[in-house]
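Quick mapping for you: the protein sequence lines, in order, are chains A and B.
For the first sequence, position 73 matches number 93 in the working numbering, and the numbering has no gaps at all.
For the second sequence, position 59 matches number 79 in the working numbering, and the numbering has no gaps at all.
2 protein chains.
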Amino acid sequence: MKWPASIRICEVGPRDGLQNEKVMLTVEQKVELIDRLVQAGAKMIEIGSFVHPKSVPPMADTDEVAKRIKRVEGVEYRVLVMNVRGLERAEAAGVHKAKLTVSASRAHSLSNLKRTPEEVIRSFAGCADYAAQHNIELSGAISTAFGCPFEGRVALEQVISVVSHFREFGVTELSLSDTTGMANPEQVYGYAIRVKEQFPDITWNLHFHNTRGMGLANVVAGMQAGIDRYDACFAGLGGCPFAPGASGNIATEDLIHMCHEMGIQTGCDLDAVLAVGRSVQQYIGHDSASFILKAGKCSDIVKRKKD
Amino acid sequence: MKWPASIRICEVGPRDGLQNEKVMLTVEQKVELIDRLVQAGAKMIEIGSFVHPKSVPPMADTDEVAKRIKRVEGVEYRVLVMNVRGLERAEAAGVHKAKLTVSASRAHSLSNLKRTPEEVIRSFAGCADYAAQHNIELSGAISTAFGCPFEGRVALEQVISVVSHFREFGVTELSLSDTTGMANPEQVYGYAIRVKEQFPDITWNLHFHNTRGMGLANVVAGMQAGIDRYDACFAGLGGCPFAPGASGNIATEDLIHMCHEMGIQTGCDLDAVLAVGRSVQQYIGHDSASFILKAGKCSDIVKRKKD
């Protein structure tokens, strides 16, 4: 097996994690978490989304959050948007990176947005124009890229079709998202190898949920396919409505811990990230599916015994 | 990545799982679980241990369990023993496969048994003689083969030293056990490749705990090294005293689910194994760290949506 010397982690907690919580954090709490994550070494961070406040209430204050966070040179602060209105809010808040999401599954797309994946992507054409005019960089995320609660396993051809559409208007950074934790390592490796081959000019990112325990195994498979960018979420928050109570995104601290144990650099200070995870659990008021927050690092038990 | 066409799972729940529980199951419950597991396709099953009843009270009834289970042709019923006395009990109960465990870590061995790994192995010499005379097949398990709470990362040389000693008295089936959930995929792959190369006549098995979320990732790494035997525990029971409350062994149902999703055969009926897992949770009276028992199979959510 070949391992990357380093990987780049995109922290999606402030968006994908917090949008699933009942407790809404204050702007101050969000800003504090984001600033601490950046201080801990995060170079890519999804700070929120500019979507309709009624559809995702916990993200309604993203404008305010974006304005108050400390901007550190070299850090990519990103938001999720669905349309030009979202990009206008990004522009107003001084955010220059935005992510557009399309489902690879037709049924999932119809269920969520009442539009087919193709219709959703077509609606993004205006976004591409606006982004180009306002110096906003766009990236894309393909949700249900491996499995879908309606269709089951999602065919690679559907994923490739969405990728092609994204490329048509110049997006060169894409994420394959296992929205409902249905991907397995064999599939991840196969899909990743194939999209990399077919679209060598695209920068690939993978997004896994640990719903069925395969999260880090899928990261290992992605690494073998040569992908070195992974989303992760503080304290392992997030989830999917189809498996209530199940684990959410792979936890940032679990991913960093595994990488460091393997000699793979992340640029992150694990202890500082763990401290953020503990604050997150305190703010949301409940435990979460993070292994290292529960079990401690490998080095902890050795240290404890030596004391 | 290359995947095995099939793997062989050794169910260690009745021993490694139940010995860690406060609630002691009755002989009837144990026999029922074992018989159901075999019916569900288990071909290797660790039914208990013949150690001193006072040191592991939940295993004190293993003699009785061994006598009452249905014996199915082609299924390997195995017990853990520590000495000739254990083998005598195995012989009396009609069990013809026994496992001897040694720690690769000197500090761990001294702490647990007040003897060095070498002294423990030397004490097994009598077992080899007894087993040969009574037609009992011996296998070995090397605990703390990757990491140890006292020493940290365990050097491959220590593992190889223990392997060599085991081979001296004819054991040709060995398991590398990540007793405290400290192994990582890079290490698993490296150690597995090396022991396979150096001891090609030994049948290798891997035993992982999911303490730090890397359990199935480690299985993937083991598969890449060409190992096709893995321990797993019903409902994900088991654990380690150094990380109280943390996840235990990789859950049998999670491992089967991942393999089947990947097109890897296990010979097991996942639904039947899940039913056993639910009974186990009911008998022990609490929830446990099993992903599939919580989230359901990938195919479940698709089915539910179609109904």
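Glycine included, C-beta positions come from ideal geometry on N, C-alpha and C.
Of all the CB atoms in chain A, is at least one closer than 9 Å to the CB of residue i?
| i | result |
| --- | --- |
| residue 302 (chain B) | no |
| residue 226 (chain B) | no |
| residue 89 (chain B) | no |
| residue 149 (chain B) | no |
| residue 171 (chain B) | yes |
| residue 21 (chain B) | yes |
| residue 165 (chain B) | no |
| residue 314 (chain B) | yes |
| residue 205 (chain B) | yes |
| residue 237 (chain B) | yes |
| residue 263 (chain B) | yes |
Could you say which of the options lies nearest to residue i if we only look at CA atoms?
| i | options | result |
| --- | --- | --- |
| residue 289 (chain B) | B:135, B:317 and B:206 | B:317 |
| residue 65 (chain A) | A:134, A:86 and A:240 | A:86 |
| residue 261 (chain A) | A:40, A:73, A:163 and A:71 | A:40 |
| residue 30 (chain A) | A:263, A:161, A:313 and A:298 | A:161 |
| residue 88 (chain A) | A:53, A:143 and A:287 | A:53 |
| residue 230 (chain A) | A:212, A:90 and A:264 | A:264 |
| residue 221 (chain A) | A:190, A:201 and A:57 | A:190 |
| residue 226 (chain A) | A:218, A:233, A:214 and A:248 | A:248 |
| residue 309 (chain B) | B:176, B:269 and B:303 | B:269 |
| residue 158 (chain A) | A:168, A:145, A:166 and A:164 | A:145 |
| residue 107 (chain B) | B:140, B:147 and B:48 | B:147 |
| residue 152 (chain B) | B:276, B:201, B:26 and B:111 | B:111 |
| residue 37 (chain A) | A:178, A:272 and A:236 | A:272 |
| residue 232 (chain B) | B:293, B:167, B:285 and B:212 | B:167 |
| residue 174 (chain B) | B:21, B:192, B:204 and B:149 | B:204 |
| residue 181 (chain B) | B:169, B:214 and B:209 | B:214 |
| residue 245 (chain A) | A:184, A:125 and A:206 | A:206 |
| residue 93 (chain B) | B:124, B:306 and B:63 | B:63 |
| residue 96 (chain B) | B:198, B:186, B:32 and B:130 | B:32 |
| residue 294 (chain A) | A:256, A:164, A:170 and A:285 | A:256 |
| residue 59 (chain B) | B:291, B:42 and B:279 | B:291 |
| residue 301 (chain A) | A:50, A:251 and A:196 | A:50 |
| residue 311 (chain A) | A:254, A:91 and A:285 | A:254 |
So that I know if they touch, is there some Cβ in chain E lying closer than 9 Å to that of residue i?
| i | result |
| --- | --- |
| residue 209 (chain A) | Reference to chain E is not applicable here, since the protein chains of this structure are A and B. |
Could you give the residue range of the alpha helix (DSSP H) that holds residue i?
| i | result |
| --- | --- |
| residue 279 (chain B) | 272-281 |
| residue 149 (chain B) | 145-153 |
| residue 187 (chain B) | 176-188 |
| residue 82 (chain A) | 82-88 |
| residue 304 (chain A) | 290-304 |
| residue 312 (chain B) | 311-315 |
| residue 329 (chain B) | Outside the shown range of chain B, which is 21 to 327, sits residue 329 (chain B), and nothing can be said about it. |
| residue 106 (chain B) | 104-113 |
| residue 51 (chain B) | 47-59 |
Compare the C-beta of residue i against all C-beta atoms of chain B and say whether one is closer than 9 Å.
| i | result |
| --- | --- |
| residue 281 (chain A) | yes |
| residue 288 (chain A) | no |
| residue 240 (chain A) | yes |
| residue 82 (chain A) | no |
| residue 267 (chain A) | yes |
| residue 244 (chain A) | yes |
| residue 248 (chain A) | no |
| residue 123 (chain A) | no |
| residue 319 (chain A) | yes |
| residue 322 (chain A) | yes |
| residue 272 (chain A) | no |
| residue 232 (chain A) | yes |
| residue 254 (chain A) | no |
| residue 168 (chain A) | yes |
| residue 199 (chain A) | no |
From what residue to what residue does the beta strand (DSSP E) around residue i run?
| i | result |
| --- | --- |
| residue 256 (chain A) | Run containing residue 256 (chain A): none; DSSP gives neither H nor E here. |
| residue 225 (chain B) | 223-227 |
| residue 201 (chain A) | No beta strand (DSSP E) holds residue 201 (chain A); DSSP gives it neither H nor E. |
| residue 243 (chain B) | No beta strand (DSSP E) holds residue 243 (chain B); the alpha helix (DSSP H) holding it covers 235-244. |
Which residues share a DSSP beta bridge with residue i?
| i | result |
| --- | --- |
| residue 251 (chain A) | A:30 |
| residue 131 (chain B) | In the DSSP output, where bridge partners are listed per residue, residue 131 (chain B) has none listed. |
| residue 118 (chain A) | A:99 and A:158 |
| residue 138 (chain A) | Looking at the DSSP assignment, residue 138 (chain A) forms no beta bridge with any residue, so it has no partner. |
| residue 65 (chain B) | B:31 and B:97 |
| residue 167 (chain B) | B:173 |
| residue 194 (chain A) | A:160 and A:224 |
| residue 123 (chain A) | A:163 |
| residue 269 (chain B) | B:229 |
task: Check whether the region 111-130 of chain A touches the region 74-81 of chain A, counting contact only when three or more Cβ pairs, one atom from each stretch, lie closer than 8 Å.
output: no
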